[in-house]
Amino acid sequence: MRRYNLGIDIGGTSIKIGLFDLDDNLLDSWNLPTNKSSFGEYILHEIAEVINSKLVISEIRGIGFGVPGPVAKNLVFSCVNLGWGKKDIVSEFKAILNDDEIVIKVANDANLAAAGEIYKGVAHGYVNAFMVTLGTGIGGGVIIDGRVVDGINGVAGEIGHTHIDDLYNLNCNCGKNGCLETVASATGIVRLAKEYLNHSKKSSPLRKYSDFSAKKVIDYAKLGDQVANEILDLSMEYLARVLAKVTYIINPDIFIIGGGISNAGNFIIDKITKFYYPLVKPFIQTTHFEIATLGNDAGMYGACYLIK
Ligand SMILES: [Zn+2]
């Protein structure tokens, strides 16, 4: 009898496998390191080994996969972090497990983080959500009417590469300049801070450091340092401008803020909303903004949500 679902989040350094019953309860979870050798060709086999060692394959109803790259219609376009180019995980994994009946679905990890927060996290009960993950880069995930939205090229929600800044116009990993990611991710806040300090004569405790983290900027802003606050305001104004555009396109019930920067809690939400609301008035008086609650488990939960 098929009585389990699996949610599998494949990350650049580790893989998380969650075992769920058909009533959505997480029964167990397992981690394994991501083996990126030989262009990631062992990854699916090593996941299958773990599953085989724990479960009887014929008891699995469905498997959802989250991957760090663009996905559309269950086909992976590329996952640079894993060494993968185009990949049909659905067919490959069914063949590895030697079971054609298992339902397998695949989606981008940022979209699945949003799905996870709807399934078991802070957005539970909502059906339209936009999640922005402020980490090393910026990820974005879209859920509309409860469904994960990929887009034809798998880049739906990827607001990190929206061109937003002409002032500093910093170069981005994607090859363009002035992307949101260059000014509002954790690394972006640091880059913006350094540019800002170079262009300003104002004193700030940040000048004591040759190098510093985004957390340092946030900590000094919380302590009331004017320059740190000006830097964060500038950064979050860029983000707010993009979120206002998202609002006019999909008008989500809730914006979920995740990633390392979200550890700043309501302080960062207040910074974003200060700039967001003037841009969406008079149509919108309140939009829910919440900090993500599932952390690194969001993708695993979202992967299970995908096959429900
Ligand atoms: Zn970019």
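Numbering (my numbering), first residue to last: 22 to 329. All C-beta atoms in this analysis are idealised placements derived from N, C-alpha and C, irrespective of residue type, glycine included.
N- and C-terminal bounds of the alpha helix (DSSP H) containing residue i
i	result
Met321	Ala319 to Leu327
His220	Ala207 to His220
Met311	This sequence places Glu at residue 311; Met is not what is there. Premise fails: Glu311 lies in the beta strand (DSSP E), His309 to Ile312, not in any alpha helix (DSSP H).
Asn190	Segment: none, Asn190 is in no alpha helix (DSSP H) and carries neither H nor E.
Asn52	Asn52 -> not in any alpha helix (DSSP H); beta strand (DSSP E) instead, spanning Leu47 to Pro54.
Phe41	Phe41 -> not in any alpha helix (DSSP H); beta strand (DSSP E) instead, spanning Ser35 to Asp42.
Lys75	Ile64 to Lys75
Val127	Taken as a continuous stretch (DSSP letters only), Val127 belongs to no alpha helix (DSSP H), being part of the beta strand (DSSP E) at Val124 to Asn129.
Ser59	Ser58 to Gly61
Leu114	A small fix is needed here, since residue 114 is Phe in this sequence, not Leu. First-last of the alpha helix (DSSP H) with Phe114: Ile110 to Leu118.
Neighbourhood of residue i by C-beta distance below 8 Å, restricted to the same chain and skipping five residues each side
i	result
Lys75	Leu40, Asp49 and Trp51
Asp246	Ser225, Pro226 and Leu227
Gly117	Before going on, a small fix: residue 117 reads as Ile here, not Gly. If we look at Ile117 and ignore the five residues flanking it on each side, its Cβ neighbours are Leu65, His66 and Ala69.
Val238	Ile210, Val211, Ala214, Leu227, Ala249, Ile252 and Leu253
Asn194	Gly158 and Glu202
Ile173	Ala93
Ser35	Asn52, Leu53, Pro54 and Thr55
Ser59	Gly104
Contact set for residue i: own chain, Cβ-Cβ below 6 Å, skip 5 residues either direction
i	result
Arg82	Arg23 and Asn26
Thr268	Val301
Asp274	Tyr147 and Asn149
Lys37	Asp30, Asn52 and Met321
Asn317	none
Asn192	Asn198
Tyr189	Glu216
Residue j beta carbon less than 8 Å from that of residue i
i	j	result
Met257	Lys215	no
Ile123	Leu65	no
Asp30	Gly320	yes
Ala205	Gly162	no
Val88	Asn129	yes
Thr157	Ala134	no
Leu315	Tyr326	no
Ser99	Gly85	no
Ile252	Tyr217	yes
Ala313	Val143	yes
Ile185	Tyr259	yes
Lys115	Ile328	no
Cys200	His182	yes
Thr308	Phe276	yes
Ile278	Ile270	no
Phe296	Ala261	yes
Gly61	Gly32	no
Phe288	Lys243	yes
Gly72	Asp120	Checking the sequence, you will find Ile at residue 72 rather than Gly. No, the pair does not count as a contact, with Cβ atoms beyond the cut-off.
Ala285	Gly28	no
Ile165	Ile139	no
Element boundaries [beta strand (DSSP E), containing residue i]
i	result
Arg82	Ile81 to Val88
Tyr25	Tyr25 to Ile31
Contact set for residue i: own chain, Cβ-Cβ below 7 Å, skip 5 residues either direction
i	result
Ala235	Ala207, Ile210, Val211 and Ile282
Gly175	Pro91, Val92, Ala93, Phe98 and Asn129
Ile159	Val153, Ile180, Gly181, Leu201, Glu202, Ala205 and Ser206
Ile305	Thr268
Asn95	Val111, Lys126 and Val127
Gly106	Ser99
Asp42	Arg24, Tyr25 and Leu48
So which residues touch the region around ligand 1, with touch meaning a C-beta under 6 Å from any heavy atom? His182, Cys193, Cys195, Lys197, Cys200 and Glu202
Could you tell me which whole beta strand (DSSP E) segments of length 3 or greater appear in the stretch 147-178? 150-155 and 159-165
Can you list, in chain order, the stretches of the alpha helix (DSSP H) that have 4 or more residues and sit fully within the stretch 242-305? 247-271 and 287-301
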